[in-house]
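Asks: A single structure is presented below for examination.
Number of protein chains: 2
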Amino acid sequence: MDIAHRTTDRQTPAEQRRRELLEAADRVVLRDGPQASMNAIAAEAGITKPILYRHFGDKGGLYRALAIRHTDALLSSLRAALDAPADRRRRVEATLDTYLASIEAMPQVYRFLMHPAEEPHQTEQGFDVGRHSAPLLRRMGEELGQVIAERVDLGPSAEAQARIWGHGIVGMMHAAGDWWLGERPCSREELVRSLADLLWGRLAEADDRPDGPGF
Amino acid sequence: MDIAHRTTDRQTPAEQRRRELLEAADRVVLRDGPQASMNAIAAEAGITKPILYRHFGDKGGLYRALAIRHTDALLSSLRAALDAPADRRRRVEATLDTYLASIEAMPQVYRFLMHPAEEPHQTEQGFDVGRHSAPLLRRMGEELGQVIAERVDLGPSAEAQARIWGHGIVGMMHAAGDWWLGERPCSREELVRSLADLLWGRLAEADDRPDGPGF
DNA sequence: AGCGGTAAGTTACTTGCGGTAACACCAGTC
DNA sequence: GACTGGTGTTACCGCAAGTAACTTACCGCT
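Given below as structure tokens:
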């Protein structure tokens, strides 16, 4: 009768309700985009607005909960690719490919995660810049940085370096993927190979063009 | 009296008015963030809403005009660094540093450009994913890709490769810069050097850590 | 059995913003 | 002097976020 040990065997009704609401919200957001109204979401869930507010506080809260779900799912896929037993190049390619395959398969989810368009009316005034940008990128960057720090020998100041690289590589993956998803200029394999080549220093190795501009 | 040749010697009054309105909007947006209301912008300009709508169509139009101004400014700075007569590594470092210095100097502008939070009520329903993401990143990616294609000898399928790299590098710069701006984990010089190192293939060269996880 | 508290749910409202319609004023121009 | 085009206004519409006040229904308690 105590609630404490109910958390393990079965969810409290409130948690279950919350899950149902999130699933309904998911359907609506994936259908209508991030500008889905709270009324629409409530209707999809078969209830009315104030209940959503009781569960999630405000629209930002609901969207944050949604984002966490999807972010966790994507991150666990990425972790699998990142931790596979293979050489570094293969792991990098597998991770890039996993990410790109995910966003290719669910572009609506992707768009929602990257451009949540949250405008919380006024973020407490102080509000550090960049703090509210897509949290998915931050989390991926941090995790990748950690993996790099664990696995790659970078000498002194390795930790700082690893974090920088983590965020940098994630950003590279993200921007290239975003562009690729919009224009589809090449196959996924080509994109993966090109990005891995970039990370493998081919920019430094390549020669200047003989017919360069101005010379 | 014909308007045609007035475009060269002096702006038509409408254009000048438009500039004034844009400057007012700039002040408000930089003060209040992207959620600045049209009323607030109109008030700052000393007029009322409908005039803004006559000039810019809708809020998206105003914001697009604002973004183009700032994007052009940033891009011309970057072009200068990119075209400087120096070896490739120095040019890359100069470009990274220019970008980071810019966003460091004007974080509000940066935030506005990257997270315009445009939700055009309904983007014509069809609405290709990613098409409405930050256009600054796209433009930078395209330009960088062009520069790479012009200056670096990449062999066959060079153009495709160059565009991929352009978008990838820009994304790397952006994500790392966004994170750095929020957390300030190191100096700008360190960040620039680390990112350039990453592009120079140091990830591929580094050894595995001897005390790696699990092994 | 009946009482009281808590959670789920509702309707109906307020507030605020994007956007528009209708009207007013003031050049110049035929 | 009426006609036109640009600048400006007030007053309004629609819609979405968020809230208040009220209504059930369930569950433990004495």
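Protein sequence lines correspond, in order, to chains A and B. Heads up, the working numbering is the position in the first sequence plus 695, with the first residue counted as 1. Heads up, the working numbering is the position in the second sequence plus 695, with the first residue counted as 1. Think of the CB as a built atom: it goes at the ideal place given N, C-alpha and C, for glycine as much as any other residue. As the structure is a computational prediction, the values presented were derived from the model and not from experiment.
Helix, strand or coil, according to DSSP, for Asp721/A in the structure here?
Replies: Position 26 of the first sequence, counting from 1, holds the residue named residue 721/A. In this structure, Asp721/A counts as helix in the three-state DSSP scheme.
Asks: Please classify Pro905/B: is it buried, with 16 or more other beta-carbons within 10 angstroms of its beta-carbon, or exposed?
Replies: Here the question's residue 905/B lines up with position 210 in the second sequence. By the neighbour-count rule (16 or more Cβ atoms within 10 Å), Pro905/B is not buried but exposed.
Asks: Any beta-carbon of chain B closer than 7 Å to the one on Ile736/A?
Replies: The sequence position of residue 736/A within the first sequence is 41, counting from 1. Taking Cβ atoms only, chain B never reaches closer than 7 Å to Ile736/A, which makes this a no.
Asks: Determine, using beta carbons only, whether Val865/A and Leu831/A come nearer to each other than 7 Å.
Replies: The residue you call residue 865/A lines up with position 170 of the first sequence. The residue you call residue 831/A lines up with position 136 of the first sequence. With contacts defined by Cβ atoms closer than 7 Å, Val865/A and Leu831/A do not form a contacting pair.
Asks: What did DSSP end up calling Asp753/A once you bin it into helix, strand or coil?
Replies: On the first sequence, residue 753/A is found 58 positions in, with the first residue counted as 1. Three-state DSSP puts Asp753/A in coil, outside helix and strand.
Asks: Suppose you measure from the CA of Arg722/B to the CA of Pro851/B; what does that come to, to the nearest Å?
Replies: Your numbering for residue 722/B matches position 27 in the second sequence. Your numbering for residue 851/B matches position 156 in the second sequence. Between Arg722/B and Pro851/B, the C-alpha separation is close to 48 Å.
Asks: Is DSSP giving Asp782/A helix, strand or coil here?
Replies: Reading the first sequence from its first residue, position 87 is the one you call residue 782/A. Correct three-state label for Asp782/A: coil.
Asks: Looking only at its chain, what residues have a beta carbon closer than 7 Å to the beta carbon of Ala891/B, apart from the 5 residues adjacent to it on each side?
Replies: Indexing the second sequence from 1 puts residue 891/B at position 196. So the list reads Arg784, Val787, Glu788, Leu791, once near-sequence residues are dropped.
Asks: Considering only their Cβ atoms, is the gap separating Arg806/A from His750/A smaller than 7 Å?
Replies: The residue labelled residue 750/A in the question sits at position 55 within the first sequence. The residue labelled residue 806/A in the question sits at position 111 within the first sequence. No. Outside cutoff.
Asks: Classify Asp902/A as helix, strand or coil using the three-state DSSP reduction.
Replies: Counting from 1 along the first sequence, the entry for residue 902/A is found at position 207. In this structure, Asp902/A counts as coil in the three-state DSSP scheme.
Asks: For my contact list, Gly836/A and His862/A are in at a C-beta cut-off of 8 Å; report their separation, rounded to the angstrom.
Replies: Translated into the one-based positions of the first sequence, residue 836/A becomes position 141. Translated into the one-based positions of the first sequence, residue 862/A becomes position 167. Gly836/A to His862/A, Cβ: 4 Å. Contact.
Asks: What span of residues does the alpha helix (DSSP H) with Trp895/B cover, start to end?
Replies: Counting from one through the second sequence, the residue named residue 895/B turns up at place 200. No alpha helix (DSSP H) holds Trp895/B; DSSP gives it neither H nor E.
Asks: Quick check: is the beta carbon of His862/A nearer than 7 Å to any beta carbon in chain B?
Replies: Numbered from its first residue, the first sequence carries residue 862/A at position 167. It does: the Cβ of His862/A has a partner Cβ on chain B nearer than 7 Å.
Asks: Can you list, in chain order, the residues of the segment 774-796 of chain A whose Cβ is nearer than 7 Å to any Cβ on chain B?
Replies: none
Asks: Does the beta carbon of Gly755/B sit closer than 7 Å to a beta carbon anywhere in chain A?
Replies: Here residue 755/B corresponds to residue number 60 of the second sequence, with the count starting at 1. Chain A contact via Cβ: absent.
Asks: Could you tell me if Lys744/A is buried or exposed, where buried requires 16 or more neighbouring beta carbons within 10 angstroms of its beta carbon?
Replies: Sequence index remark: in the first sequence, residue 744/A carries index 49 (1-based). With fewer than 16 other Cβ atoms within 10 Å, it is exposed.
Asks: Is Ala719/A closer than 7 Å to Ala740/A when the C-beta atoms are compared?
Replies: In the first sequence, counting from the first residue as 1, residue 740/A sits at position 45. In the first sequence, counting from the first residue as 1, residue 719/A sits at position 24. Yes, the pair counts as a contact, with Cβ atoms nearer than the cut-off.
Asks: Taking beta-carbon pairs under 7 Å, can you tell me which members of the segment 869-884 of chain A lie near chain B?
Replies: Those would be His869, Ala870, Ala871, Asp873, Trp874, Leu876, Gly877, Pro880, Cys881, in chain order.
Asks: Taking CB distances under 7 Å as the criterion, tell me whether Val723/A reaches chain B.
Replies: Residue mapping note: residue 723/A aligns to position 28 of the first sequence, counting from 1. It does not: the Cβ of Val723/A has no partner Cβ on chain B nearer than 7 Å.
Asks: Can the beta-carbon of Arg879/B be found closer than 7 Å to that of Leu795/B?
Replies: The residue you call residue 879/B lines up with position 184 of the second sequence. The residue you call residue 795/B lines up with position 100 of the second sequence. Against a cut-off of 7 Å, the Cβ pair of Leu795/B and Arg879/B comes out as no contact.
Asks: By Cβ distance, which residues of its chain are closer than 6 Å to Leu913/A, with the 5 residues on each side in sequence left out?
Replies: With chain A represented from 696 up to 910, any question about residue 913/A goes unanswered, as that position is not in the structure.
Asks: Does the beta carbon of Pro802/A fall short of 6 Å from some heavy atom of the ligand COA?
Replies: The ligand COA is absent from the structure shown, which contains no ligands of any kind.
Asks: Using only the alpha-carbon positions, how far apart do Leu716/B and Glu838/A sit?
Replies: Position 21 of the second sequence, counted from the start, is the residue given in the question as residue 716/B. Position 143 of the first sequence, counted from the start, is the residue given in the question as residue 838/A. C-alpha separation (whole angstroms): 44 Å.
Asks: Between His765/B and the rest of its own chain, which residues show a CB-CB distance below 6 Å, the 5 nearest in sequence each way excluded?
Replies: Taking the second sequence and counting its residues from 1, one reaches residue 765/B at position 70. Within the same chain, His765/B has close Cβ partners Val804, Leu808.
Asks: Taking the Cβ atom as the reference point for each residue, do Val842/B and Leu777/B lie within a distance shorter than 7 Å?
Replies: For the purposes of this step, residue 842/B is taken as residue 147 along the second sequence, with counting starting at 1. For the purposes of this step, residue 777/B is taken as residue 82 along the second sequence, with counting starting at 1. Yes; because the gap between Cβ atoms is below 7 Å, this pair is in contact.
Asks: When you compare each of Thr793/B, Met733/B, Leu773/B to Gly756/B by their alpha carbons, which one comes out closest?
Replies: Counting from 1 along the second sequence, the entry for residue 756/B is found at position 61. When only C-alpha atoms are compared, the closest one is Met733/B.
Asks: Quick one, which of Leu886/A, Leu898/A, Glu710/A has its alpha-carbon nearest Glu799/A's?
Replies: For the purposes of this step, residue 799/A is identified with residue 104 of the first sequence, where counting begins at 1. The residue with the shortest Cα to Cα distance from Glu799/A is Leu886/A.
Asks: Going by beta-carbon coordinates alone, are Leu747/A and Ala738/A separated by less than 7 Å?
Replies: Numbered from 1 along the first sequence, position 52 holds the residue referred to as residue 747/A. Numbered from 1 along the first sequence, position 43 holds the residue referred to as residue 738/A. No.
Asks: For Val847/A, list the residues DSSP reports as bridge partners.
Replies: Numbered from 1 along the first sequence, position 152 holds the residue referred to as residue 847/A. The partner list for Val847/A (beta bridge, DSSP) reads Asp903/B.
Asks: Could you round the C-beta distance between Trp860/A and Leu898/B to whole angstroms and report it? I think they count as a contact, below 8 Å.
Replies: The residue you call residue 860/A lines up with position 165 of the first sequence. The residue you call residue 898/B lines up with position 203 of the second sequence. With a Cβ gap of about 7 Å, Trp860/A and Leu898/B count as contacting.
Asks: Quick one: list the residues of chain A neighbouring Gln856/B, beta-carbon separation under 7 Å, in chain order.
Replies: In the second sequence, residue 856/B corresponds to position 161, counting from 1. Chain A residues near Gln856/B: Ser889.
Asks: Quick one: does Arg834/A have its CB under 7 Å from some CB of chain B?
Replies: Numbered from 1 along the first sequence, position 139 holds the residue referred to as residue 834/A. By this cut-off, Arg834/A is not an interface position.
Asks: At the level of alpha carbons, what is the spacing between Ala855/B and Asp753/A?
Replies: The sequence position of residue 855/B within the second sequence is 160, counting from 1. The sequence position of residue 753/A within the first sequence is 58, counting from 1. Here the alpha carbons of Asp753/A and Ala855/B stand approximately 44 Å from one another.
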